[in-house]
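Asker: Under our numbering, think of the first position of the sequence shown as 170, with each following residue one higher. Even for Gly, the Cβ is constructed at its ideal location relative to N, Cα and C.
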Amino acid sequence: MSDNSFGKLLRVTTFGESHGPAIGCVIDGCPPHLEIEPEEIKRELERRATGRSRHTSQRREADDVQILSGVFEGRTTGTSIALLIENTDARSKDYGNIKNQFRPGHADFTYWKKYGIRDYRGGGRSSARETTMRVAAGAIARKWLRQELGIEIQGWLAQLGPIRTDENPQWDTVDDNPFFCPDPARVSELEAFMDALRKSGDSVGARVNVVARNVPAGLGEPVYGKLDAELASAMMSINAAKAVEIGAGFASVEQKGTEHRDEMTPGGFLSNHAGGILGGISSGQDILVSTAFKPTSSLRLPGRSIDQDGQEIEIVTKGRHDPCVGIRATPIVEAMMALVLMDHVLRDRGQMGDRSKD
Ligand SMILES: Cc1cc2nc3c(=O)[nH]c(=O)nc-3n(C[C@H](O)[C@H](O)[C@H](O)COP(=O)(O)O)c2cc1C
Numbered sequence: 170m171s172d173n174s175f176g177k178l179l180r181v182t183t184f185g186e187s188h189g190p191a192i193g194c195v196i197d198g199c200p201p202h203l204e205i206e207p208e209e210i211k212r213e214l215e216r217r218a219t220g221r222s223r224h225t226s227q228r229r230e231a232d233d234v235q236i237l238s239g240v241f242e243g244r245t246t247g248t249s250i251a252l253l254i255e256n257t258d259a260r261s262k263d264y265g266n267i268k269n270q271f272r273p274g275h276a277d278f279t280y281w282k283k284y285g286i287r288d289y290r291g292g293g294r295s296s297a298r299e300t301t302m303r304v305a306a307g308a309i310a311r312k313w314l315r316q317e318l319g320i321e322i323q324g325w326l327a328q329l330g331p332i333r334t335d336e337n338p339q340w341d342t343v344d345d346n347p348f349f350c351p352d353p354a355r356v357s358e359l360e361a362f363m364d365a366l367r368k369s370g371d372s373v374g375a376r377v378n379v380v381a382r383n384v385p386a387g388l389g390e391p392v393y394g395k396l397d398a399e400l401a402s403a404m405m406s407i408n409a410a411k412a413v414e415i416g417a418g419f420a421s422v423e424q425k426g427t428e429h430r431d432e433m434t435p436g437g438f439l440s441n442h443a444g445g446i447l448g449g450i451s452s453g454q455d456i457l458v459s460t461a462f463k464p465t466s467s468l469r470l471p472g473r474s475i476d477q478d479g480q481e482i483e484i485v486t487k488g489r490h491d492p493c494v495g496i497r498a499t500p501i502v503e504a505m506m507a508l509v510l511m512d513h514v515l516r517d518r519g520q521m522g523d524r525s526k527d
């Protein structure tokens, strides 16, 4: 495994497995003098945490983050920041029965094919437990972007199964419910849907959107470091992500050019089908990214699969699982947006100098 890092001038490396002793990350390239307390990181982690409601996995991790390096007297020093979180609520025995079996929809089969060795406990490295560290690193990037440029990042659940949730958004209510739903009127419908789904033993997919506001024009490095390409890569690297759209995304297929092109006036753009990025460079409009998450693969409903000897088996997945993984994905997509943007601000400054002071 050689690709556990991402970003160029802000480089994040994560390590750890779902049921190992700890997970962690190293963030390299964060400028000095940013005030950061463990509580600020913890607040973001609590938004991603399991066990916040009956609609997510009941694994209860404390997610107590230790800052091992790179911060002195509450400020970043400019050296590498190492963060560590111990795994305290892993139940590996839940996975003993699938030790030699491949769970459909999981990475079991492909990890085995590639490496010939497999940490079956909770999916090992392929588990979304890894995304905890993205959220921890993202908390630092988010704060830096806000302080430096006034950039605000907001994610939300846009659709859960058949239920669209953002037709009447009230943005300040997103954190008031366990779904990150921006419309309080839809929350009871989501609860009823999830209760019935859980009872049935099945799972469902979701769409999670994220917007970055107050992003200056000029971020993005054509042609192989286009901002939209790197955002898509960042979102697709999240577990269970199956599609990413920038701006109008797949709706562009049915649009006419006259509708899609975002006409310009001296007062600004008249629409934002581009999602705030043209030619791989931010335009100064809001950056809009939408990610589709597949339904949870671990199901107590029996399914067909094979074991390591290629023999047919019937599989039932035990353990504590999210019936809709998209419910907890909102803080993760926000973190990935923050980390990619901060990397691009630093890269832009490397070539163009600090334009925020112009
Ligand atoms: C926040 C989050 C939580 C997840 N929780 C579960 C889970 O409880 N059970 C499960 O089967 N998959 C879960 N997943 C998805 C798996 O990690 C993922 O489907 C699996 O590793 C295979 O990788 P892939 O879907 O990206 O191809 C979760 C994903 C995310 C983003």
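What is the DSSP secondary structure of residue 266, counted as helix, strand or coil?
Answerer: If DSSP states are grouped into helix, strand and coil, residue 266 belongs with the helices.
Asker: Determine the direct distance from the alpha carbon of residue 333 to that of residue 172, and round the result to whole angstroms.
Answerer: Looking at the two C-alpha atoms, the distance is approximately 35 Å.
Asker: Exposed or buried, what is residue 244 when buried is set at 16 or more other beta-carbons lying within 10 Å of its beta-carbon?
Answerer: The residue is exposed, with fewer than 16 neighbouring Cβ atoms inside 10 Å.
Asker: How big is the Cα-Cα spacing for residue 289 and residue 261?
Answerer: Roughly 9 Å between the two C-alpha positions.
Asker: By the DSSP assignment, the beta strand (DSSP E) with residue 425 in it spans what residues?
Answerer: No beta strand (DSSP E) contains residue 425, which DSSP labels as neither H nor E.
Asker: When the distance is taken between beta carbons, is residue 485 closer than 7 Å to residue 400?
Answerer: Their beta carbons are not under 7 Å apart, which means residue 400 does not touch residue 485 by this criterion.
Asker: Going by the DSSP bridge assignment, what does residue 433 pair with across the sheet?
Answerer: Answer is 438, bridged to residue 433.
Asker: When DSSP labels each residue in this structure, what does residue 235 get in the three-state scheme?
Answerer: In the structure shown, residue 235 sits in a strand (DSSP, three-state: E or B).
Asker: Compare the Cα-Cα distances from residue 505 to each of 444, 473, 458 and report the closest residue.
Answerer: The candidate whose alpha carbon is nearest that of residue 505 is 458.
Asker: Sort 472, 240, 258, 259 by Cα distance to residue 251 and report the nearest one.
Answerer: Nearest of 472, 240, 258, 259 to residue 251, Cα basis: 240.
Asker: Does the distance from the C-beta atom of residue 297 to that of residue 408 stay below 7 Å?
Answerer: Cβ distance < 7 Å, so residue 297 and residue 408 count as in contact.
Asker: Please confirm if the region 450-468 is in contact with the region 487-505, defined as three or more CB-CB distances below 8 Å between the two stretches.
Answerer: As far as the Cβ criterion goes, the region 450-468 touches the region 487-505, which means the pair count is three or higher.
Asker: Grab me the residues of residue 337's own chain with a C-beta within less than 6 Å of its C-beta, minus the 5 sequence neighbours each way, in chain order.
Answerer: Contacts found: 352.
Asker: For residue 245, which beta-bridge partners are listed by DSSP?
Answerer: DSSP, once it has assigned bridges, lists 240 as partnering residue 245.
Asker: Measuring CB to CB, does residue 343 end up less than 7 Å from residue 349?
Answerer: Yes, the pair counts as a contact, with Cβ atoms nearer than the cut-off.
Asker: Is residue 285 buried or exposed, if buried means 16 or more other CB atoms sit within 10 Å of its CB?
Answerer: Residue 285 should be labelled exposed.
Asker: Quick one, are the C-beta atoms of residue 388 and residue 451 less than 7 Å apart?
Answerer: Yes, the pair counts as a contact, with Cβ atoms nearer than the cut-off.
Asker: Under 7 Å, do residue 185 and residue 193 count as touching if we go by C-beta distance?
Answerer: It is a contact, given that the beta carbons lie within the stated cut-off.
Asker: Using a threshold of 7 Å, state whether the C-beta atoms of residue 196 and residue 308 are closer than that.
Answerer: It is not a contact, given that the beta carbons lie outside the stated cut-off.
Asker: So what does residue 473 bridge to, in DSSP terms?
Answerer: Answer is 483.
Asker: Output the distance between the C-alpha atoms of residue 490 and residue 223, rounded to the nearest integer angstrom.
Answerer: Between residue 490 and residue 223, the C-alpha separation is close to 11 Å.
Asker: Quick check: does the Cβ of residue 275 come within less than 6 Å of any heavy atom belonging to ligand 1?
Answerer: Yes, Cβ of residue 275 sits closer than 6 Å to a heavy atom of ligand 1.
Asker: When you compare the CB positions of residue 178 and residue 516, do they come within less than 7 Å of one another, or not?
Answerer: Yes, Cβ-Cβ distance for residue 178 and residue 516 is below 7 Å.
Asker: Check the DSSP bridge columns for residue 378 and list the partner residues they point to.
Answerer: Partner(s): 325, 459.
Asker: Going by DSSP, which residues form a beta bridge with residue 182?
Answerer: Residue 182 pairs with 174, 195.
Asker: By the three-class DSSP mapping on this structure, what secondary structure does residue 357 have?
Answerer: The answer is helix: DSSP assigns residue 357 an H, G or I state.
Asker: What residue range does the alpha helix (DSSP H) around residue 409 cover?
Answerer: No alpha helix (DSSP H) contains residue 409, which DSSP labels as neither H nor E.
Asker: With burial defined as no fewer than 16 other Cβ atoms inside 10 Å of the residue's Cβ, what is the status of residue 448: buried or exposed?
Answerer: It counts as exposed.
Asker: Based on the DSSP output, what are the partners of residue 394 in its beta bridges?
Answerer: Looking at the DSSP assignment, residue 394 forms a beta bridge with 390.
Asker: Identify, in the order they occur along the chain, each residue of the same chain with its Cβ nearer than 6 Å to the Cβ of residue 310, setting aside the five sequence neighbours on each side.
Answerer: Once the five neighbours on either side are set aside, the close Cβ partners of residue 310 are 507, 508, 511.
Asker: Is it the case that the CB of residue 490 approaches a heavy atom of ligand 1 more closely than 6 Å?
Answerer: True, at least one ligand heavy atom lies under 6 Å from that Cβ.
Asker: Quick one: what does DSSP say residue 399 is sitting in, helix, strand or coil?
Answerer: It is helical.
Asker: Between residue 383 and residue 445, how many whole angstroms is the CB-CB distance? I'm expecting something under 8 Å.
Answerer: The pair is not a contact, with the Cβ atoms about 11 Å apart (cut-off 8 Å).
Asker: Just curious, the beta strand (DSSP E) that residue 252 is in, first and last residue?
Answerer: Unbroken beta strand (DSSP E) run through residue 252: 250-255.
Asker: Is DSSP giving residue 295 helix, strand or coil here?
Answerer: Residue 295: helix per DSSP, three-state reduction.
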